[in-house]
Every structure is written in C-alpha cells, then in structure tokens.
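Trainee:
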Amino acid sequence: NMAAMRCVVAALLVVFVGHCHGRTCDNPEVTPKVYTTTDGLIVANIAFIAEFHLRCRENVQNVPLYADVKGKIVPVIKSTETNDYQVSWTEELNKAHSGDYLIRVYDEEGYGALRKAQRTGESIQGVTPLFTINVNHPGTYLGPWIQSEFVAGLAAALLWYFAYSAKAKLQA
Numbered sequence: 096n097m098a099a100m101r102c103v104v105a106a107l108l109v110v111f112v113g114h115c116h117g118r119t120c121d122n123p124e125v126t127p128k129v130y131t132t133t134d135g136l137i138v139a140n141i142a143f144i145a146e147f148h149l150r151c152r153e154n155v156q157n158v159p160l161y162a163d164v165k166g167k168i169v170p171v172i173k174s175t176e177t178n179d180y181q182v183s184w185t186e187e188l189n190k191a192h193s194g195d196y197l198i199r200v201y202d203e204e205g206y207g208a209l210r211k212a213q214r215t216g217e218s219i220q221g222v223t224p225l226f227t228i229n230v231n232h233p234g235t236y237l238g239p240w241i242q243s244e245f246v247a248g249l250a251a252a253l254l255w256y257f258a259y260s261a262k263a264k265l266q267a
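Each residue of the sequence shown is one higher than the one before, counting from 96 in my numbering.
In structure tokens:
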C-alpha cells in the first residue's frame, strides 16, 4: 500500500514538474511596437512603453516573463485575450536621455539565473535573456530656447528705441 502511494506521489510530481517547465518558449518571434513621451512641457516624467506579440515554437501560451531595464526589474504585463505583452516604466525628465534603451526579457529560468547573479555579485552579462527589445527615445521637447515673452519684450524695446531715435532726429 505504501509503495502504491509513493508511485502516485511520484507520478503527480512528474506531472507537476512537467507542467511547470512546459511553459518555456523556444525560438521566440517577437513583434515589438515602442512609444516614448517626447513632449516635456507639461510632464514631470518620461514614459517608455514597449508592446510586443510573442510567438513561440509549438504554440506555447501564457509564458511568464520578466524584464530588466538598466539593471532594474520592470513588470511585464500580459493581455488576457492574446499573446501580447507590455513593458512600461517612467524616468524623471532630467534623467531621461535620448538614445537607445535595451530591454532584456527573461523567462522564469532566465529570471532565476539573473536574480542569482545579482545576489552573488556576479556579472549579469553571463545571463542570456530570452530576447531583447530596443527602445529608441528621440529626446524630449522642452520648449523653445528663447521664450516668446522675451522676444516680444525685446521687439518692443527695439521699436521704442528706433521711434525715440527718429523723434530725436526730427526735433534736432
């Protein structure tokens, strides 16, 4: 009876482990769309958004993913209806630079290896992501270099100067 119980437990364990590890994505095909905030006149933070569709070999669905951006773990949100995912984060206006931001996306196994490397102080360069997405931020528009009020004041001052000079010449 005890031997039968061990067999049942072993079979359940094999099924459970197989189910847990069955959601790995081999040869991922990623179709990304990226967006960033470019108007810095009315916002305090720049938003970075990367949406992507994930297609795996053998049509694996619902793969849990984790993202690393500049050494920080950012959440990866999955759509409930499709195999679409989204990674988003914000940066302060004065800290966000123009150029490329690399998103390293990991599955559960890769994320575990990444966390282990971070805990032990090892280089994370040895941990291979499932795939990467490049987000190009063209920069943030912070307004004109010269404020319109300054230009209007300068034009008024110049107009007054020329009018006063012309009046002085006519009276002389």
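Don't be surprised by glycine CBs; every beta carbon is placed ideally from N, CA and C.
Because the structure is a prediction, the values reported are computed rather than measured.
(1) What does residue 150 pair with, by DSSP beta-bridge criteria?
(2) Run through DSSP, which three-state label would residue 219 get?
(3) Using DSSP with H/G/I as helix, E/B as strand and the rest coil, what is residue 193?
(4) To which residues does DSSP link residue 131 through a beta bridge?
(5) Might you give, ordered along the chain, the residues of its own chain that have their beta carbon closer than 6 Å to the beta carbon of residue 146, omitting 5 neighbours on each side?
(6) Just verifying my parser: in three-state terms, what is the DSSP assignment at residue 162?
(7) Within its chain, find whatever has a CB closer than 6 Å to the CB of residue 150; leave out the 5 residues flanking it on each side and keep chain order.
(8) Which class does residue 187 belong to by DSSP, given the choice of helix, strand or coil?
(9) Does the CB of residue 179 have a neighbour CB from chain B at under 8 Å?
Mentor: On the basis of the coordinates in this document:
(1) In DSSP, residue 150 forms a bridge with 124.
(2) In the three-state reduction of the DSSP assignment, residue 219 falls in the helix class.
(3) DSSP places residue 193 in coil when its eight states are reduced to three.
(4) Beta-bridge pairing links residue 131 to 143.
(5) Cβ neighbours of residue 146 beyond the five flanking positions: 128, 181.
(6) Correct three-state label for residue 162: strand.
(7) If we look at residue 150 and ignore the five residues flanking it on each side, its Cβ neighbours are 124.
(8) Residue 187 falls in the strand class under three-state DSSP.
(9) The question asks about chain B, but that chain is absent: this structure has only one protein chain.
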